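Residue numbers (UniProt numbering), protein chains in the order written: chain A, 1 to 264; chain B, 1 to 264; chain C, 1 to 264; chain D, 1 to 264.
Where is the CB? At the ideal position from N, CA and C, for every residue including glycine.
Fair warning: this is a prediction, and the values are worked out from it, not measured in the lab.
Following: one structure in structure tokens, then a few remarks.
Protein chains: 4
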Amino acid sequence: MALIQCSFFAQTLGLNVGMNVVIPERSYGIGVEAGGAPSGDKYPVLYLLHGLSDDHSIWLRRTSVERYAAEYGIAVVMPEVHRSFYTNMKNGLDYWTFVSEELPHVAQSLFPISGKREDNFAAGLSMGGYGAMKLGLRAPEKFAAVASLSGAMDILAFDHEGSPLADKEYKWIFGSKEEAAGSDDDLFALSERAAAAGVSLPKLYQCCGTEDFLYAQNVRFRDHVRSLGIALDYEEGPGDHNWGYWDAHIQRVLAWLPLRRGNV
Amino acid sequence: MALIQCSFFAQTLGLNVGMNVVIPERSYGIGVEAGGAPSGDKYPVLYLLHGLSDDHSIWLRRTSVERYAAEYGIAVVMPEVHRSFYTNMKNGLDYWTFVSEELPHVAQSLFPISGKREDNFAAGLSMGGYGAMKLGLRAPEKFAAVASLSGAMDILAFDHEGSPLADKEYKWIFGSKEEAAGSDDDLFALSERAAAAGVSLPKLYQCCGTEDFLYAQNVRFRDHVRSLGIALDYEEGPGDHNWGYWDAHIQRVLAWLPLRRGNV
Amino acid sequence: MALIQCSFFAQTLGLNVGMNVVIPERSYGIGVEAGGAPSGDKYPVLYLLHGLSDDHSIWLRRTSVERYAAEYGIAVVMPEVHRSFYTNMKNGLDYWTFVSEELPHVAQSLFPISGKREDNFAAGLSMGGYGAMKLGLRAPEKFAAVASLSGAMDILAFDHEGSPLADKEYKWIFGSKEEAAGSDDDLFALSERAAAAGVSLPKLYQCCGTEDFLYAQNVRFRDHVRSLGIALDYEEGPGDHNWGYWDAHIQRVLAWLPLRRGNV
Amino acid sequence: MALIQCSFFAQTLGLNVGMNVVIPERSYGIGVEAGGAPSGDKYPVLYLLHGLSDDHSIWLRRTSVERYAAEYGIAVVMPEVHRSFYTNMKNGLDYWTFVSEELPHVAQSLFPISGKREDNFAAGLSMGGYGAMKLGLRAPEKFAAVASLSGAMDILAFDHEGSPLADKEYKWIFGSKEEAAGSDDDLFALSERAAAAGVSLPKLYQCCGTEDFLYAQNVRFRDHVRSLGIALDYEEGPGDHNWGYWDAHIQRVLAWLPLRRGNV
């Protein structure tokens, strides 16, 4: 893959931000098995989201995702959203608008990646797993599949289940619990509304380690969406909230993506 | 200069952030005039701060500061603080603590730069000019000289003089005007207290273009500190709020810095 | 401009190499005057070449070229070719093929830049000035204009005019003087053949400081191409072989480029 | 780890080159298990070398080495040497002098890494495995342990065992087979001389996959050094010449390194 480290002005945020991108190449140096060229001009693309304390560089550094993606001939776009929970913050910048609208627009204008729904995917870990699932439920017209790894699925349970956020930071992001509940940042409510409206959702994937402090809320989310009749590919097994788990499971996500034949 | 692009975990922010650093080298390729090696083991260092919409990469990209600094044998550390006004935000992260405490600590632990007051300097443009002046007035024991270029000097005048901040963003950062007035983020109040306490301040430099929308508040700040008996090197002249001005004036700042003989 | 730092596998070289690229943006942070969006989908592009001891990062670091290019709405691609003189080395890799064929191909496949002759330009300093002029004379069908700043124009004069190359390195690159003379790496011979064949050459620009150790060979090259009836825009004036000169003159080059109306 | 991407002027090469470095941090974001702080001021350091077609960025991108190294509290320095075989090339630059002398000097002057033999280690894959073993045999006073992964151990066997180098490139690097045989670039000869002189060698580690095209020469090298009475930790098993193998085995190398207690 060509590795691209990009710094650009995000109009939505009024801020210069970083973005790492890997793009399939026609040929490689030693030791890489590469998928074929894309059927058309544009590559399928995975938007790969970071966790609370991380930035756009973290997936490349903590895993071998660039190498794994090469096998599938898929581009990967890794944005940076600070500690925003991919949210239009109650007291802060509009990161949801950024990640769901401006980012794909900018990435498609700079790089040879497809804008078609069937070529667009999202995944992430922890806060980024929440972000990816939110993209799938709230912008289902843009993504063919989304995957949450060890996601922070239940933003209403943060206070009593080992929250990554202090109370005051929760308020900057989501406002009060009352404001959060049922809002467009509540994955449980989003999935209910999607089910009720009969929206054509992307393929959904969810995994979590059974030792993860977020395990209980992952089980609840799984049960919730399944009770709504929404299809969900779910995996659990031994594992904690760490990069060994995510390095292993991002490979499972890539294998699970419904890439079109011509692309691989 | 060796160019160093660094990504590290800022404990104060709970967030991975970027930092660009340039360090003098013993030899150079063609076309660079270099200052000598440092007298001791550690280089003097200029903390160079970005403006509201920028990041840690901007000074390197919009000016030739790496080349200019080479002449003086001085390292330059360029952090990233998002749109924080170098402030412990009322609704947001503790960027002041980050820039005034953690950043120098991390930079000194990773790179061969001096921690001595007489070797430490700060400068910045716009929001970063404000930040540099705040470092000088509020952490005077750490810096031998600070310089503001086209600084946002009067945070109380933002609403009626062409503010870079919308009202709500102002509140996230500073709280209300009443909270901001007289606080440790108010440069006018900080300078009064420093004068009253007889603090030994760093050398201060301030410049602004006469066409700059921040010109009036720069004049007020100049008059204020001088009325307090604080020494200030002040320059004004034709110029607007743009990078042509800052590329020219960062050279004046470097020439003005009280670098010790052995270092150049 | 979006700043893109790219690492990719150059098939011609069998080697991973770096490339820096700046691409116009729709909006900017403070302090930048930007040219308009492109008339079509693709930006005009300047291939900007480094000198003997430099790499793909040097133009961004030693000048403000990203800022200057923003005014014109033009992308800039900065490759890396080590100490190769943009040559298929007699004892070394095929850098000419890389820079003249693979590089534009890769850049056009990764980024939204035009492949049309009228939108393609090249410039460089010292060894890169030689490289840009060689692109113009030897691949005239690809470039609408090329510019040499303080170029190493006469590879036959290196031994008696202050050569940047030791004898043995000269041989690795060009072979013997006898091999070099009249070859496709000899700008004097290339210009003769282009004139004889009546090739439609790009616009040519050449500048050199009168204090530059390469001044004499720049004068000879100017006289030579003019004696052949080839149009050449030539500038000289006080100046040495350094980045102050190149920061000033890359601005003159950008202003001189025959950009099509719709692009600015 | 702090990730540092550095561009500096290598005096030995007359060329600006890249270097990636990771340095342990005092604290980390989520999902990383970190080793303790160093006992002294300086971190132990692993020089980690790339293969023929790669550059300084490749280990970070193709493996999770930054994460693995965090567990041990060890810094990692990843230089770039193009296709040089870490050799003072017969027709090319002095990459051996660069990697064995200038690189440690520059890295120690820029970063908080130890210069003591007991804290210095080298490893690499393929061409880099050869390079690491050469550092161990030819500069044994500088390294406490070196490791070759799938190394190109026998530079005399390149022509009949699936050479990565064409004949002409072999000559640029090593000269003729006759010149190479017994030279200071021949690992077999180096190990003989070290054994004869009774040099105190670093700990040596070697591994190779049994499906690797370099397997036969790895077996020969193992047998050779053991026949000389030199201690060698050797591992083989199923595996080919690819990054899956190297991602797995760099973890084994890190676990094998004789790090001093205080450091972990």
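Contact belief for residue 29(C) with residue 54(B) at Cβ below 8 Å, rounded distance in angstroms: Here residue 29(C) refers to the residue found at position 29 when the third sequence is read from its first residue. Here residue 54(B) refers to the residue found at position 54 when the second sequence is read from its first residue. Contact between residue 29(C) and residue 54(B) holds: their C-beta atoms lie close to 5 Å from each other, under 8 Å.
Proximity of residue 231(B) and residue 204(B) at Cβ, strictly below 9 Å: On the second sequence, position 231 is the one that residue 231(B) refers to. On the second sequence, position 204 is the one that residue 204(B) refers to. A contact, by the Cβ cut-off of 9 Å.
Nearest-angstrom Cα separation, counted from residue 236(C) out to residue 70(C): The residue labelled residue 70(C) in the question sits at position 70 within the third sequence. The residue labelled residue 236(C) in the question sits at position 236 within the third sequence. Straight-line Cα distance between these residues: approximately 26 Å.
Whole beta strand (DSSP E) elements within the segment 102 to 179 of chain A, 3-residue minimum: 120 to 125 and 145 to 149, all fully within the segment 102 to 179 of chain A.
Residues near residue 137(C) by beta carbon distance below 6 Å, same chain, minus five either side: Here the question's residue 137(C) lines up with position 137 in the third sequence. Closer than 6 Å at Cβ, skipping near neighbours: 190, 191 and 194.
Cβ-based burial, residue 284(B) [other Cβ within 10 Å; buried from 16]: Residue 284(B) lies beyond the residue range present for chain B, which begins at 1 and ends at 264; the question has no answer from this structure.
The segment 54 to 63 of chain D / the segment 73 to 91 of chain D touching (three or more Cβ pairs under 8 Å): yes
Contact set between residue 54(D) and chain C, taken where Cβ atoms lie within less than 7 Å: For the purposes of this step, residue 54(D) is identified with residue 54 of the fourth sequence, where counting begins at 1. Here the neighbours are 16.
Members of the segment 140 to 159 of chain B near chain C, C-beta cut-off 8 Å: none
Partners in chain D for residue 221(B), counting only beta-carbon separations shorter than 8 Å: Here residue 221(B) corresponds to residue number 221 of the second sequence, with the count starting at 1. Using a Cβ-Cβ cut-off of 8 Å, residue 221(B) is close to nothing in chain D; its nearest Cβ partner there is about 36 Å away.
Buried or exposed (CB count within 10 angstroms, at least 16 for buried), residue 276(B): Because chain B in this structure spans residues 1 to 264, residue 276(B) falls outside the shown range and cannot be described.
Short Cβ contact (9 Å threshold) for residue 233(A) with residue 206(A): Taking the first sequence and counting its residues from 1, the one referred to as residue 233(A) is at position 233. Taking the first sequence and counting its residues from 1, the one referred to as residue 206(A) is at position 206. Contact flag set, yes.
Cut-off 8 Å between Cβ atoms - residues of its own chain near residue 16(B), not counting five sequence neighbours on either side: Position 16 of the second sequence holds residue 16(B). Cβ neighbours of residue 16(B) beyond the five flanking positions: 7, 8, 9 and 10.
Residues, ordered as in the chain, of the segment 238 to 259 of chain C that lie near chain B by beta-carbon distance below 9 Å: 240, 241, 242, 243, 244, 245, 246 and 247
Beta-carbon gap between residue 85(D) and residue 185(D) smaller than 9 Å: Numbered from 1 along the fourth sequence, position 85 holds the residue referred to as residue 85(D). Numbered from 1 along the fourth sequence, position 185 holds the residue referred to as residue 185(D). Against a cut-off of 9 Å, the Cβ pair of residue 185(D) and residue 85(D) comes out as a contact.
Three-state secondary structure (DSSP) of residue 264(A): Along the first sequence, read from residue 1 onward, the residue named residue 264(A) stands at position 264. Here the model assigns residue 264(A) a pLDDT of 42, short of 50, so the residue's position is not dependable, and the following value carries that caveat. It is coil, neither helix nor strand.
Interface flag, residue 168(B) vs chain A, CB-CB below 9 Å: Walking along the second sequence from the start, residue 168(B) turns up at place 168. By this cut-off, residue 168(B) is an interface position.
Beta strand (DSSP E) runs wholly inside the segment 172 to 224 of chain A, at least 3 long, in chain order: 203 to 209
Residue 81(A) (DSSP reduced to helix, strand or coil): If you number the first sequence from 1, residue 81(A) lands on position 81. For residue 81(A), the three-state secondary structure derived from DSSP is coil.
Cutoff 9 Å: residue 66(A) Cβ touching any chain D Cβ: Taking the first sequence and counting its residues from 1, one reaches residue 66(A) at position 66. For residue 66(A), the answer is yes, since a Cβ of chain D falls inside 9 Å of its Cβ.
Meets three-Cβ-pair contact criterion under 8 Å: the segment 156 to 175 of chain A and the segment 213 to 223 of chain A: yes
Closest residue to residue 32(C) among 45(C), 229(C) and 72(C) (Cα-Cα distance): For the purposes of this step, residue 32(C) is taken as residue 32 along the third sequence, with counting starting at 1. Selected option, being the one with the closest Cα: 72(C).
Beta-bridge partners of residue 23(D), as assigned by DSSP: The residue you call residue 23(D) lines up with position 23 of the fourth sequence. 2(D).
Members of the segment 23 to 34 of chain B near chain D, C-beta cut-off 8 Å: 23, 25, 26, 27, 28 and 29
Below-9 Å beta-carbon distance, residue 88(D) vs any chain C residue: As a first step, residue 88(D) must be located in the fourth sequence, where it is residue number 88. It does not; no Cβ of chain C falls within 9 Å.
Partner residues on chain A for residue 51(D), Cβ-Cβ distance less than 9 Å: Locating residue 51(D) in the fourth sequence gives position 51, counting from the first residue. Within chain A, the residues near residue 51(D) are 29, 30 and 31.
Per DSSP, cross-strand counterpart(s) of residue 98(B): Here the question's residue 98(B) lines up with position 98 in the second sequence. Paired residue(s): none; residue 98(B) is not in a bridge.
Cutoff 9 Å: residue 96(D) Cβ touching any chain C Cβ: Along the fourth sequence, one-based indexing puts residue 96(D) at 96. So no, residue 96(D) is outside the interface.
Element boundaries [beta strand (DSSP E), containing residue 49(A)]: As a working mapping, residue 49(A) is identified with position 49 in the first sequence. Start and end: 45 to 49.
9 Å Cβ cutoff met for residue 127(B) and residue 50(B): Translated into positions along the second sequence, residue 127(B) becomes position 127. Translated into positions along the second sequence, residue 50(B) becomes position 50. Cβ atoms of residue 127(B) and residue 50(B): closer than 9 Å.
Identity of the residues DSSP links to residue 233(D) by a beta bridge: Counting from 1 along the fourth sequence, the entry for residue 233(D) is found at position 233. According to DSSP, which records beta bridges pairwise, residue 233(D) is partnered with 205(D).
Buried versus exposed, by CB contacts within 10 Å (16 or more), residue 26(D): Here residue 26(D) corresponds to residue number 26 of the fourth sequence, with the count starting at 1. Under this definition residue 26(D) is an exposed residue.
Member of 63(C), 80(C), 131(C) and 90(C) whose CA lies at the smallest distance from the CA of residue 107(C): What you label residue 107(C) is simply residue 107 of the third sequence in a count that begins at 1. Ranking 63(C), 80(C), 131(C) and 90(C) by Cα distance to residue 107(C) puts 80(C) first.
Closest Cα partner of residue 130(D) within the set 2(D), 217(D) and 257(D): Numbered from its first residue, the fourth sequence carries residue 130(D) at position 130. When only C-alpha atoms are compared, the closest one is 217(D).
The segment 191 to 220 of chain B: positions lying closer than 7 Å to chain C by Cβ: none
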